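S.K.: Take a look at the following structure, please.
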């Protein structure tokens, strides 16, 4: 330890032997990255299954769903879910997806795998802490899953867990006993895991870059992971005390979030002095940066992948980094736009609306830079490239609805309608996941040494792309028509005519969900039957393509790489090939 | 600074780009952790302030003696531990392992003293009827919740620091840890002290009778 602490940690241990050390408690960032990715796959399947259950109920509220009673006898008597159980499933769907899919796969998954390689390091700065961060996240996942099986079932307060519902305890509804407490415990543990991960990303990016890898030569994906981890460092630090205060309110009789005069089921509760608005402030101060933590890695990933298939450098890469950084910075100033209708002073709404609209500026610039990069290129339409283009499309669609929601006057009407559901699903559930898909199709050859099936991939893309528009585009319409979100069934006069739209959305969701099995099949098939991949099957420039597929234990086989080039030298005139790798010492005369 | 450390901070004998901050990774990670922890305490202090401002019947129960006096003594103890920490870092930098270790133990002892004084104060308050949701003066029950949570989280950090200091002191003596490790622990310890410099005025002095 004495030398390791004196200088940046370089790989000091030999390759591990034994199954446990190699695949379970591994300190190798590549294994940890794959573990995070695997966790995300398990989580996304569960989260998607929950969404199917929800959608079935929304389209056909009285339809019995076989097997549901086995999952929860109280929540689904006769296989028809109660409204409260719908809310439980919705809460778990949101929590699993936002935390265990969107914060793990694009960030902890691909970031852990590729950040050290892209900077030319042999591993992360703190390998053992890295291992701890995964296992802490895993424990958090188990704690969350336990909410399905504890008495009362999962909580019903939504992934946002607003007080007083979430803070009162058993009396406020099914799932609000043990379920809500396990939720809070799980999320608190998750925060710790993410903090440890962020420390590693920051130290590795700043300290472990190989010779020649100046900050200006970093790939865009590395920049995105780095900026995301800086955001995460401060965001999760606020959610942790919020969850602890929530746990105290639920178990220790405090009233941080509970005002006096609450009556539940004919019982006046003894709490007083607290404020539900306090929870909203604390939660959203975390919550808004969190959604940027979900999207920025995907932005970095597709910005990194796109040039490889355009065979052209990206337009304005330094501006793009500036956009990513300013989105990260601004993300801390806008949390109140989730609280426009909370009863706060309307003037404060302006204070939050302005930076929210300002945030659209770097996001728009980034989108225009991508579109500008595509201009004049001869694109290779691989699956990864298609998902990049799809990302641009859905990110734009989702972002556009954000312009409306950013304005308090419009949001007063649209808040808690399906318009909001459409907005965040487009940017998070679709765009960020497209980034994940693009990353998978692009990097799978590197990670497992085998090429994925392109035909299956392209079918997967088109079915998914059309499918997500079919699912989420109509939600804008029904939201504008006044369709309230978080309702288990629609019985009001103005909602009943919208049920056919819900049926359409449900069918689209089920079909699109089924299409994802093509992806899962492709993953498994590739691992065992895919054709062997070369070191650099895409002709890409960054450092991960300067090593074998898959990379050896210490990433570069004992070599210390020297970087001579910036990251995206594609289609340079006068060069010996249509790309120049970062490790190449080729110099090209500028015309 | 040894040559190895110098070269490490400027890029490990030219094999790597130097860290833009010119400090070892362990120190950088500790600074990032301190930043994150500062945000955590800020969130908690924000919650305390929010509840206090929104509370029409907030209690201010701290008499000068014993509460504020006790608080002043605890502040003095913690500040002194900061000085002893500085001394240990200086000794470690100069290569005086024995002296560095002694100063580390002094810091550890002062931290432990702080924790004991704090726990005694808690016990006195609990005996008077204060609790997480109990206020013997009949005022807002938020007082107890805020007080015990804020000081409790800080106390947790102090106790954690005391353990860390003990481990570092033992290891430093034996050569397992070096001056960088001492410095990293020092950064954490000074942070804990800094947090107290916010907690004492905001929680104790503002609630003095």
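Residue numbers (the working numbering), protein chains in the order written: chain R, 10 to 600; chain U, 71 to 279. Glycine is no exception: its CB is placed at the ideal position from the N, C-alpha and C atoms. None of the values given here were measured: they were computed from a predicted structure.
Can you tell me whether residue 138 of chain U is helix, strand or coil according to DSSP?
M.R.: DSSP places residue 138 of chain U in helix when its eight states are reduced to three.
S.K.: Please confirm if the stretch 154-168 of chain R is in contact with the stretch 124-133 of chain R, defined as three or more CB-CB distances below 8 Å between the two stretches.
M.R.: The answer is no - the stretch 124-133 of chain R does not touch the stretch 154-168 of chain R, with fewer than three Cβ pairs under 8 Å.
S.K.: Opposite residue 290 of chain U in the DSSP bridges: which residues?
M.R.: In the structure as shown, chain U begins at 71 and stops at 279. Residue 290 of chain U is therefore absent and cannot be evaluated.
S.K.: Alpha carbons only, please: which of R:253, R:216 and R:512 is nearest the one belonging to residue 92 of chain U?
M.R.: Of the listed residues, the one whose Cα sits closest to residue 92 of chain U is R:216.
S.K.: State the CB to CB distance for the pair residue 140 of chain R and residue 35 of chain R, rounded to an integer number of angstroms; the pair is presumed to be in contact (CB under 8 Å).
M.R.: Indeed they touch by this definition, with Cβ atoms about 7 Å apart.
S.K.: Can the beta-carbon of residue 97 of chain R be found closer than 7 Å to that of residue 196 of chain R?
M.R.: No.
S.K.: If we call anything under 7 Å between Cβ atoms a contact, is residue 220 of chain R one with residue 142 of chain U?
M.R.: No.
S.K.: Residues in the same chain with beta-carbon distance under 8 Å from residue 198 of chain U, minus the five sequence neighbours each way, listed in chain order, please.
M.R.: Result list for residue 198 of chain U: 206, in chain order.
S.K.: Between the Cα of residue 177 of chain U and those of U:149, U:192 and U:190, spot the shortest distance and give me the residue it belongs to.
M.R.: The residue with the shortest Cα to Cα distance from residue 177 of chain U is U:149.
S.K.: What residues match up with residue 579 of chain R in a beta bridge as DSSP calls it?
M.R.: Paired residues: R:588.
S.K.: Do residue 550 of chain R and residue 588 of chain R have their C-beta atoms within less than 7 Å of each other?
M.R.: Yes, they are a contact pair.
S.K.: If you count every other CB in all the chains shown that lies within 10 Å of the CB of residue 345 of chain R, and 16 or more means buried, which is it?
M.R.: Buried is the call here.
S.K.: Are the beta-carbon atoms belonging to residue 269 of chain R and residue 281 of chain R less than 7 Å from one another?
M.R.: Taking 7 Å as the Cβ cut-off, residue 269 of chain R and residue 281 of chain R qualify as a contacting pair.
S.K.: Suppose only complete runs of 4+ residues qualify. What are the alpha helix (DSSP H) ranges in the stretch 463-523 of chain R, listed by chain order?
M.R.: Qualifying alpha helix (DSSP H) stretches, in chain order: 463-489.
S.K.: Tell me the DSSP bridge mates of residue 569 of chain R?
M.R.: DSSP lists no partner for residue 569 of chain R.
S.K.: Is the Cβ-Cβ distance between residue 460 of chain R and residue 548 of chain R less than 7 Å?
M.R.: No, the Cβ-Cβ distance between residue 460 of chain R and residue 548 of chain R is not below 7 Å.
S.K.: Within this structure, are the beta carbons of residue 173 of chain U and residue 164 of chain U separated by less than 7 Å?
M.R.: Not closer than 7 Å, so no.
S.K.: Once you ignore the five residues that flank residue 267 of chain U on each side, which residues in its own chain have a CB closer than 7 Å to its CB?
M.R.: Closer than 7 Å at the Cβ level, and outside the excluded window around residue 267 of chain U, lies no residue.
S.K.: When DSSP labels each residue in this structure, what does residue 86 of chain U get in the three-state scheme?
M.R.: It is a strand residue.
S.K.: Please report how far the alpha carbon of residue 88 of chain U lies from the alpha carbon of residue 223 of chain R, in whole angstroms.
M.R.: Computed Cα separation, rounded: 9 Å.
S.K.: As an exercise, report each continuous alpha helix (DSSP H) stretch of at least 4 residues that is fully enclosed by the stretch 156-238 of chain R, in chain order.
M.R.: Fully enclosed alpha helix (DSSP H) runs of 4 or longer: 174-177 and 187-216.
S.K.: Whole angstroms are fine: how far does the CA of residue 225 of chain U sit from the CA of residue 571 of chain R?
M.R.: Whole-angstrom Cα-Cα distance: 48 Å.
S.K.: Can you pull the chain R residues whose beta carbon is under 7 Å from the beta carbon of residue 117 of chain U, in chain order?
M.R.: Near residue 117 of chain U (Cβ distances below 7 Å), the residues of chain R are 254, 265, 287 and 291.
S.K.: Quick one: list the residues of chain U neighbouring residue 569 of chain R, beta-carbon separation under 7 Å, in chain order.
M.R.: Ordered by position in chain U, the residues that pass the 7 Å Cβ test against residue 569 of chain R are 85.
S.K.: Report the rounded CA-to-CA distance for residue 482 of chain R versus residue 488 of chain R, giving the unit in angstroms.
M.R.: Cα to Cα, residue 482 of chain R sits roughly 10 Å from residue 488 of chain R.
S.K.: Here's the rule I'm using: 16 or more other beta-carbon atoms within 10 Å means buried, otherwise exposed. How should residue 299 of chain R be labelled?
M.R.: Result: buried.
S.K.: Helix, strand or coil: how does DSSP classify residue 28 of chain R here?
M.R.: Residue 28 of chain R: helix per DSSP, three-state reduction.
S.K.: For residue 203 of chain U and chain R, any beta-carbon pair shorter than 7 Å?
M.R.: Judged by the 7 Å Cβ criterion, residue 203 of chain U is in contact with chain R.
S.K.: Please list the segments of the alpha helix (DSSP H) lying wholly inside the stretch 88-136 of chain R, counting only runs of 4 or more residues, in order along the chain.
M.R.: Here the runs fully enclosed are 92-104 and 119-128.
S.K.: So is residue 585 of chain R buried or exposed if we call it buried at 16+ other beta carbons inside 10 Å?
M.R.: So residue 585 of chain R counts as exposed.
S.K.: Pull up the distance between the alpha-carbon of residue 259 of chain U and that of residue 271 of chain U, whole angstroms please.
M.R.: The straight-line gap from Cα to Cα measures roughly 19 Å.
S.K.: Among the residues of its own chain, which have a CB less than 6 Å from the CB of residue 245 of chain R, if the five just before and after it don't count?
M.R.: Cβ within range, chain order: 200, 203 and 204.
S.K.: Grouping DSSP H, G and I as helix and E and B as strand, with all else coil, what is residue 387 of chain R?
M.R.: Coil at residue 387 of chain R, not helix or strand.
S.K.: Should residue 24 of chain R go down as buried or exposed, given a rule of 16 or more other Cβ atoms within 10 Å for buried?
M.R.: Exposed: under 16 other Cβ atoms inside 10 Å.
S.K.: Within the same chain, show all residues whose beta-carbon is closer than 6 Å to that of residue 317 of chain R, passing over the 5 residues directly before and after it, in chain order.
M.R.: Answer for residue 317 of chain R: 547 and 549, listed in chain order.
S.K.: In chain order, which alpha helix (DSSP H) runs of at least 4 residues are fully inside the stretch 266-325 of chain R?
M.R.: Taking only runs of at least 4 residues, the alpha helix (DSSP H) segments lying wholly in the stretch 266-325 of chain R are 285-319.
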